[in-house]
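For the sequence shown, the UniProt record's numbering assigns the number 1 to the initial residue and increments by one for each residue that follows. Okay, structure first, notes after.
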Amino acid sequence: MAAAIPLNGVKLGTSSSQAYLEGKAVKETKALMAELCRHFYTLGWVSGTGGSISIKVHDDSIPKPQQLILMSPSAVQKERMEPEDMYVLSDNGSVLSAPSPKPYPHKPPKCTDCDSLFMKAYEKRDAGAVIHSHGMESCLVTMINPFSKEFRITHMEMIKGIKGHGYYDELVVPIIDNTAHEHQLTESFAKAIEDYPKTTAVLVRNHGIFVWGDSWISAKTQSECYHYLFDAAIKLHQVGLDWSTPNHGPILSARRGLSIAGESNLSTKARKDNGDIDPSPRCIVLDIEGTTTPISFVSEVLFPYARDNVGRHLSATYDTSETKADIKLLRSQVESDLEQGIAGAVPIPPDDAGKEEVIAAIVANVDAMIKADRKITALKELQGHIWQTGYANNELEGIVFDDVPEALEKWNALGIKVYIYSSGSRLAQRLIFGKTNYGDLRKFLSGFFDTTVGNKKETRSYVEISQSLGVDKPSDILFVTDVYQEATAAKAAGLEVIISIRPGNGPLPGHHGFKTVKSFSEI
């Protein structure tokens, strides 16, 4: 008798293991996959036997990494698949159950050629389901620019359907080159997943897309949103509009400032005496405090508001998942501070000590952190959530210098993408620019970076930003800041740098060697 093989706590070769493989959870997942493929066929995602799907068999009694994996077969009419056509695999990819052969003209059964790619999504992203689509939109969108390694889009409502993204965020999807056989994509697919930790999809040029999610619902929802966004991008391109910029204005030619419809007034202003167009950066990254916004607004308005409202905010939101996550971050930070002997750090008691005791300790720590002007993620996340309430209640309004709105509009019209990099959380950044003394300026911004990419005084942070923005070379990015140490770090990473001189900014060292401006109109 063959030896029993352990699987998820069930031994194969026994009646109980066979019962599990033939049980309700597996059967329902098989039926779901067949149903989904019939639906995907009507969308054009799996026609001509193309495309594929894989779903984990959800079972609360089994840890997700150890759950069984179902995959569709290869080279079959996806709209005609039956539940019994699905393959059952173990968590390590070994086939446990295969479909029986069917008579001519059906081909012998074979598991999807995407199996190794699906496994990478399961291993590296703890996915619950993966969908591979050959939808026309996902193919064509990679062909518009045959040399692009990324698809980027912003300011579209359906971006909100992609995990971790909002309307004002820039969605970035890596593009890998196609191969003759899908399993040959495994290495480049895995690298794309590693290089783009936020992505939930990988495009394959001239081929299609792979999308994963925590569950089949998440994978399906995101797949629908991705296809919508690709279709929108294609249609915007057809009418001469740039899908990658916040205002989706006319596509500009290689000569900066020229649109496909003709030369704009702004491009005429940018023309040199000899008739050439001034070279412009592809991207501009702006600091906030002391660059777009007075330091006094942060130090005299935002910080005091956050400090004065910590207790009220925590009391009102204590049981929400958002605040629980903030407290967890702060508790971890304070534990580290105590080990390092950071002044002002006091222990935060465990949750069972009581709500009031926990809040009192957090208030004391936050007060010390704000007074020390610490640039740490735990503090910035909590501050962002407190400020969010303030903006919503019209108790706060973002302030920008008078020259900022016009400059943002000008750069946007020239096709220059503008990003924000601040020690404040991405939420806090969006709040400042979403409700300013000049209205909502987020329509001119392509994205936001915070300290999750690294400390602003460290060179590696700017290397990370350069890689994220997908520029040909770091010098395609202009970074504007008021802080000498940040300027030095950005320059070391290869970025072009300008130092902002604004009222209330601190002094700069003599002979610092950087170009300075007192207004964005000088850029």
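Ideal placement from N, C-alpha and C gives every residue a C-beta, glycine not left out.
Here the alpha carbons of Asn309 and Lys371 stand approximately 15 Å from one another. The beta carbon of Gly311 sits closer than 7 Å to the beta carbons of Ile359 and Val363 from its chain, once the five residues preceding and following it are set aside; these are given in chain order.
The beta-bridge partner set that DSSP reports for Leu478 consists of Ile284 and Glu496. For Phe40, the secondary structure class from DSSP, reduced to helix, strand or coil, is helix. Cβ-Cβ distances below 7 Å link Ser223 to Ile131, Ser133 and Val211 in the same chain, with the five nearest sequence neighbours on each side left out; the list follows chain order. Excluding sequence positions up to five before and after Cys139, its CB lies within less than 7 Å of the CB of Asn206, His207 and Gly208, all in the same chain and listed in chain order. Annotation note: the segment 189–252 contains the following uninterrupted alpha helix (DSSP H) runs of length 4 or greater, listed N- to C-terminal: 216–238. For Leu408, the uninterrupted alpha helix (DSSP H) segment begins and ends at Val404 to Ala413.
Contact annotation, Met33 with Leu70: C-beta distance approximately 6 Å; criterion of less than 8 Å satisfied. Per DSSP, Leu96 is one residue of the beta strand (DSSP E) stretching across Val95 to Ser97. DSSP, reduced to helix, strand and coil, places His385 within a helical segment of the structure shown. Partner residues in the beta bridge of Phe449, as assigned by DSSP, are Tyr421. Burial check for Gly213: the Cβ neighbour count within 10 Å reaches 16 or more, so the residue is buried.
CA-CA distance, Glu486 to Tyr438, rounds to 27 Å.
In the same chain as Thr377, and ignoring 5 residues on each side of it, the C-beta atoms closer than 6 Å to its own belong to Thr451, in chain order. Val95 places its beta carbon 8 Å or farther from that of Asp85. Boundaries of the alpha helix (DSSP H) harbouring Tyr122: Asp115 to Arg125, taken from the DSSP string. Per DSSP, the continuous alpha helix (DSSP H) segment holding Arg312 begins and ends at Phe303 to Thr317.
Cβ contact annotation for Ile193 (same chain, cutoff 6 Å, sequence separation greater than five): Lys124, in chain order. The bridge partners DSSP lists for Ala129 are Ile55 and Gly213. Boundaries of the alpha helix (DSSP H) harbouring Leu140: Met136 to Leu140, taken from the DSSP string. Between the alpha carbons of Glu322 and Gln388 lies a distance of about 12 Å. Here the segment 189–203 makes no contact with the segment 474–484; the two share fewer than three CB pairs at distances below 8 Å. Contact annotation: the segment 491–499 touches the segment 508–522, with at least three C-beta pairs closer than 8 Å.
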